[in-house]
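For reference, the structure is listed below as structure tokens.
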Amino acid sequence: MTEQQPPQPTHGPYGSLNPHGGGTPAAPQPAYGYPQAQQPPQPQAAEPTTPAPAPAPAPEPGYGYPQPQAPEPVAAQPAAPAPTPAPAPAPAPEPGYGYPQPQAAEPQAPQPPHGYGYPQAGAEPQPGYGYPHPQTSGPAAGPAYDPFPGLRQDPDAGPGVGMEPEPGPGPERRRRRPFAVIAAVVAALLVISGGTWYALDMEGGDGPAGAKPSQSASPTAPPGPDTATADKINQGRTTTDAKMLWLRRGGVDLPRDGADVFGPWFSKGTVTTALHRTVTSVSATTGKVKWSLPLDSDICQAATHRSGTYIAVATKEGPGSKGDCRRVRGIDLATGKQLWEQKVPDDEIGEGIDSSISMAVTRTTLVVGRANFTTGYKIADGKQLFGRTSTGNCQPYRFAGGSRLLAVLNCPGGAARKTRQEQIQELDPETGKPRWTHQLAPDDQVRRVFSVKPVVVALHNATTEKYTLLALDKNGKKRSAAPLTNEYRHGCSQRVADATNVSSCQVAANAGYVYMATEPAANGANQIVVIDLDNGKVKRRISAPAGRVMMPMEVSDAGLMVRLEATAKLGGAVALAPFQSGAPRILLQLPAATAPLERGFQSPVVTYDNDRYTLVNGTVAADSDAEERTKETLMAFGK
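In my numbering, the protein residues as written are 4 to 642.
Here it is as structure tokens:
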């Protein structure tokens, strides 16, 4: 099926209608963001000196008990690419930014913009704004306001500083994911300094290690879609409700703490996700398996975007869950084959700190950063294009991809190297050299990248504890700045896998404006605030329907696409808010019976394309092996 090219988003990874799409639309681009689990209205976030918000209400029961599905007659195929695969033709450069960000254009086929939510984007149930931090002594002690939990950047933090969030909406999880590693990862990446880029011969250099056959711990084919539940929901829907096209369940025995779902990547009528040790591609219209690629170790990271039909994932050294996140693999979505494998270089951060990697794709380049190493690979064949080692003062530790490749650098200063100084750079994806550098004020830290085109980031000042929205022009010069108060609800991911993902928020942007949701008011409804990027002033406020919470998805030619979250009695919906004035108009309303399913998804990634609404569960976890295998992972709706 030929993919239809929607208007190109300008946003970052979680604001577009279709994750990972690219294109050359005249329409404004959506913001760079990452979806989150559905939840009832949350309490207003506290100011820096006030106590943390109260825990969210208890989750609602899930939708019935799943019925076992027979496996599809599609055998899982091991990845066994040739040791020295011939490089495939490089896909056309990506014209726009997208997935959760738009992907580079596929050869001979336009790509849709990425989806809302991703990378793709928190594993834990959303606890509202911020999660508890250790209290200090004194009468004024209390947790500081943190709108971006899960990506805390404290150069003095050590292992174990991070704290697990309180449970929020969504299914109760007795199997808790360890959030302590987030602070450890961040601390490890921030203590590194220095950097010298070196470019390698585009046709030579260090080639990839021969792609090795992958072996799965669960070689059976993934189960087919749950037609029984879909039929039951469709029988009870009203004439105005959308139809459930298909529902998929995990069918996999996961580790004790569950596992994050990477993707989705949309390509030529398929939806591809990666879970635990398997990459699976299904039909976007039927949910049936197209191919399944088992791997021999746990998937621990993935690039949000794709380049043509190529994606990249990282796995543990293995076997299984053993070792660090170091094996980077290139996969072809068209064939389901592993193309190449490279091992990330050793770091020098010492023992006792969990090491994680940051991955980003722009055009035909994959960038991988870990501690004091950064490497650019040709995504088609894994050949190294450039690298960076710690020989200078500034070291990149975060990357954002899509239509532009951005790097966030830490530059420790002062006699004791305690002064925090950061930079933002746009990098040439072929050489790794900076096209421009923007120097931030002392102690200003980049907490999230909302969009790479235009460049819109969220800053936090470690001294004043204030947050700022900063917009840059195409040359990296300051365009505007505006305060980010606790009024806003950015919908950023708190997944362990996103500890190095700066672009995992539900914010949309186009050439002139950025669109951010607010926290719900006392009546349960919220607003979306439209901010002018030229002056940082509020241009307009869009009110949600009574009792509903809406989040921005993507800016299209016709207006702002928004997602209405499910409530206790209503299914979610997709709506269109006109640019100038007027209330959002519902485009697709989901059946009420799907509300428990939606609210059970943790940090979901959602996409809307060609009247098809797809939701991907961000994290799969349960209290028992049997429940894990029947946990909902993907579902799609249409007219």
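Cβ coordinates follow ideal geometry from the N, Cα and C atoms, glycine included.
With a contact defined as Cβ atoms closer than 8 Å, T636 and R259 miss out at about 18 Å. Three or more beta-carbon pairs separated by less than 8 Å link the segment 373-392 to the segment 332-345, which places the two stretches in contact.
Here the alpha carbons of K481 and T318 stand approximately 38 Å from one another. Take P225, set aside five residues on each side of it, and the residues of its chain with a beta-carbon closer than 6 Å to its own are G254, T283, V292, S295, in chain order. By the Cβ neighbour-count rule, K572 is exposed, with fewer than 16 other Cβ atoms within 10 Å of its own. The Cβ-Cβ distance between G323 and D349 does not fall below 8 Å.
Spatial neighbours of T241 in its own chain (CB-CB distance under 8 Å, excluding positions within 5 residues in sequence) are listed in chain order as P594. Between the beta-carbon of K346 and that of R329 there is about 6 Å, and that keeps the pair under the 8 Å contact cut.
Here V316 is buried, its C-beta having at least 16 other C-beta atoms within 10 Å. Each residue's CA atom was taken as its position, placing T232 and G575 some 18 Å apart. Burial of G479 is indicated by the presence of at least 16 other C-beta atoms within 10 angstroms of its C-beta. In the structure shown, K340 falls within a strand segment according to DSSP collapsed to helix, strand and coil. Per DSSP, the unbroken beta strand (DSSP E) holding N413 starts and ends at 408-413. For Q238, the enclosing alpha helix (DSSP H) begins and ends at 230-238.
Per DSSP, the unbroken beta strand (DSSP E) holding L248 starts and ends at 246-252. For A576, the uninterrupted beta strand (DSSP E) segment begins and ends at 576-580. For F640, the closest of T288, M554, T440 by C-alpha to C-alpha distance is T288. 8 Å or more divides the Cβ of V459 from the Cβ of L443. Distance from the CA of A306 to the CA of P432, rounded to the nearest whole angstrom, comes to 15 Å. If only complete runs of 4 or more residues are kept, the segment 572-631 shows the alpha helix (DSSP H) at 598-603, in order along the chain. Distance from the CA atom of T488 to the CA atom of Y470, rounded to whole angstroms, is 7 Å. The C-beta distance from A511 to Y518 rounds to 4 Å, short enough to meet the 8 Å contact threshold. In the structure shown, A520 adopts extended strand secondary structure according to DSSP, grouped into three states.
The C-alpha of C508 is placed about 16 Å away from the C-alpha of V552. Residue pairing for F265: DSSP places it in a beta bridge opposite A277.
Looking at the DSSP output, T312 bridges to nothing. Going by beta carbons, T503 and S359 fall inside the 8 Å limit. When the Cα atoms are used, R423 and A465 turn out to be separated by approximately 9 Å. Per the C-alpha coordinates, the member of V565, I236, E522 positioned closest to D612 is V565.
D537 places its beta carbon less than 8 Å from that of S483.
Beta-bridge analysis with DSSP links L487 to no other residue.
Counting along the chain, T378 sits inside the beta strand (DSSP E) bounded by residues 376-381. Nearest Cα to G311 within the set K325, S286, T365: T365.
If you draw a straight line from the Cα of P607 to the Cα of T275, it comes to about 15 Å. When only Cα atoms are considered, L563 and G326 end up about 44 Å apart.
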